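Per the numbering used here: the sequence shown ends with 1539, consecutive numbering throughout. For each residue, glycine too, the CB sits at the ideal point set by N, CA and C. The structure presented is a predicted model; accordingly, all values stated were derived computationally and were not measured. Everything on this sheet refers to the single structure shown next.
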Amino acid sequence: MDNTFVFYCILFILIAEFILATVMNFLNAKRFKDPIPEDLNDVYNTEEYEKSQAYKLTNYKFGVFTSIFSLVLILFFLLFGGFAWVDNVAQNISDNIIIQALVFFGIIMIGSDILNIPFTYYQTFVIEEKFGFNKTTKATFFIDKLKQWAMTIIFGGAILSLIIWFFQWAGTNFWLYTWAFVAIFTLFMNLFYSKLIVPLFNKQEPLEAGSLKEKIENYAAQVGFDLQNIFVINGSKRSTKANAYFSGFGKEKRVTLYDTLIKDLEEEEIVAVLAHEIGHYKKKHIVFNLATSIVLAGVMLFILSLFINNPEISLAIGVDRPSFHAALIGFGILYSPISEVTGLLMNHFSRKFEYQADDYAKNTYAALPLVTSLKKLSKNSLSNLTPHPAYVFMHYSHPPLIDRIRNLKA
């Protein structure tokens, strides 16, 4: 296997993934104007439906443009020595392998993000603004960027340094030590993400005493769920879109409700949404997802260990000499088809788990408030009510609204 063959494999993968994504998006867009299923006729009125059509079409066209830009950018880097130039900059700064890798990835990741700022800015302040979703100020937008870069440098830099140190110390067995670290880090972040990371971007406050908190606590007690931590997050700082999520486990488990969710839904509907989230916990979905992500990380790291010392993987991206950091880029692209397959499997299980959590909410609370809450949330986010089945199969982690409604009514 020479680096020319690997280079063409990389090109084939990048172009094939682009074509597949483009075809899937096109098929999905062709369904935008399909008749709304009868069970969803009450989601939109005529004016709202036209608005949702325009929103979907605008995002589709914008997505085509950004995906073409991303493909052209990486092909330019591959074909015209972009990776080699960055690698030479890193080599000129230091002879230390870890510092070289930090400089290499720092330039690529932050440089790529800077190039994408005009697109994210347009998405936020033109598209989302036009359709009434955006609440982000320009100051918040750029402060968020600086915080994200700081976290990338601190956490990403520390993790990358540790991985390379493991490689220098343990050779190809580095994957075992890296896997152990990834497992511990994944568990730690699941436990403390809401305490450590979320406050950097949003305010979280305990849900104030009142009828909503009382209803939530009564339901939790009824199903034997020890719920001490119910927080409200100021999601309206950035968007009108609503959400709720469950994080942690054991004593660190908590439910976080967006203030927009509390504003948009009736109290019974919020309890039904919460019952769905508790269903995920009771059905051990969170444990399954954690365990699966750790196992998949181990598989990827093991395969990486088989190829990391192969110089052709590095040289295929155009650098002048093999290195750990260049091999990571080449391997990341070569591994992406496997990631696509595992992503399909995870989406399959995720959709299955959503039905199970819906059934749990239906059986322990009620179906109707969950049905009405799902319809309201879809309406308020201008969701696509007629997605293409192939697009659902490839990308949806939740079943389409019509399938969830029919399941809840069954």
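Bridge pairing for Gln1333: Ile1362 [DSSP].
Check the Cα spacing between His1414 and each of Lys1366, Asn1476, Asp1163 and Asn1154: the tightest is with Asn1476. Boundaries of the alpha helix (DSSP H) harbouring Leu1499: Leu1497 to Asn1509, taken from the DSSP string.
With respect to the C-alpha of Asn1509, the residue from Ile1236, Asn1154, Phe1262 and Val1193 having the closest C-alpha is Phe1262.
The region 1452–1462 makes contact with the region 1229–1248; the number of CB pairs closer than 8 Å reaches 3 or more. Between the beta-carbon of Leu1514 and that of Leu1530 there is about 6 Å, and that keeps the pair under the 8 Å contact cut.
Within the region 1356–1425, the beta strand (DSSP E) runs of at least 3 residues that lie entirely inside it are, in chain order, 1359–1362, 1373–1376 and 1383–1387. In chain order, Pro1529 place their CB closer than 7 Å to the CB of Val1521, counting only its own chain and leaving out the 5 sequence neighbours on each side.
Spanning the alpha carbons of Leu1511 and Ala1183 requires a straight line of approximately 10 Å. For Asn1154, the uninterrupted alpha helix (DSSP H) segment begins and ends at Asn1132 to Lys1159. For Asn1263, the three-state secondary structure derived from DSSP is strand. Shown here, Asn1170 sits in coil according to DSSP, grouped into three states, outside any helix or strand.
Taking 8 Å as the upper bound for CB-CB distance, Lys1491 and Val1172 are not in contact here, some 20 Å apart.
By the Cβ criterion, the region 1364–1382 is in contact with the region 1317–1333, since at least three pairs of Cβ atoms, one from each stretch, lie closer than 8 Å. Contiguous alpha helix (DSSP H) elements confined to the region 1280–1306 occur at 1286–1299, taking only those with 4 or more residues. Spatial neighbours of His1527 in its own chain (CB-CB distance under 6 Å, excluding positions within 5 residues in sequence) are listed in chain order as Glu1483.
Per DSSP, reduced to three states, the secondary structure at Leu1514 is coil, with no helix or strand assignment. Straight-line measurement puts the Cα of Ile1293 at about 22 Å from the Cα of Gly1240. Membership of Phe1205 in the alpha helix (DSSP H) is indicated by the continuous run Thr1175 to Leu1208. In this structure, the alpha-carbon of Asp1487 lies about 11 Å from that of Pro1498. Rounded to whole angstroms, Leu1275 and Phe1209 show a C-alpha spacing of 30 Å. Contact between the region 1207–1227 and the region 1145–1162 is not established, with fewer than three Cβ pairs separated by less than 8 Å. The C-alpha of Asp1449 lies about 52 Å from the C-alpha of Phe1360. Thr1301 sits away from Ser1422, with the two beta carbons spaced by 8 Å or more.
Cβ neighbours of Phe1295 within its own chain (closer than 7 Å, five residues either side excluded): Phe1303, Tyr1306 and Thr1307.
The C-alpha of Leu1200 is placed about 20 Å away from the C-alpha of Tyr1250. The DSSP-derived three-state label of Pro1528 is coil. For the options Phe1478, Leu1390 and Leu1506, the alpha carbon positioned closest to that of Asn1418 is the one of Phe1478.
Annotation: the continuous alpha helix (DSSP H) that includes Glu1346 extends over Ser1340 to Gln1351. Glu1406 and Val1384 do touch by the CB rule: their CB atoms are close to 6 Å apart, below 8 Å. Distance from Ala1401 to Ser1502 at the Cβ level is roughly 6 Å; contact confirmed, criterion being Cβ atoms closer than 8 Å. Arg1535 places its beta carbon less than 8 Å from that of Asp1168. Scanning Asn1438, Asn1225, Leu1204 and Ser1196 for the CA closest to the CA of Ser1290 turns up Asn1225. Just measuring C-alpha positions, the residue of Phe1260, Ile1228, Lys1267 and His1409 sitting nearest Pro1247 is Lys1267.
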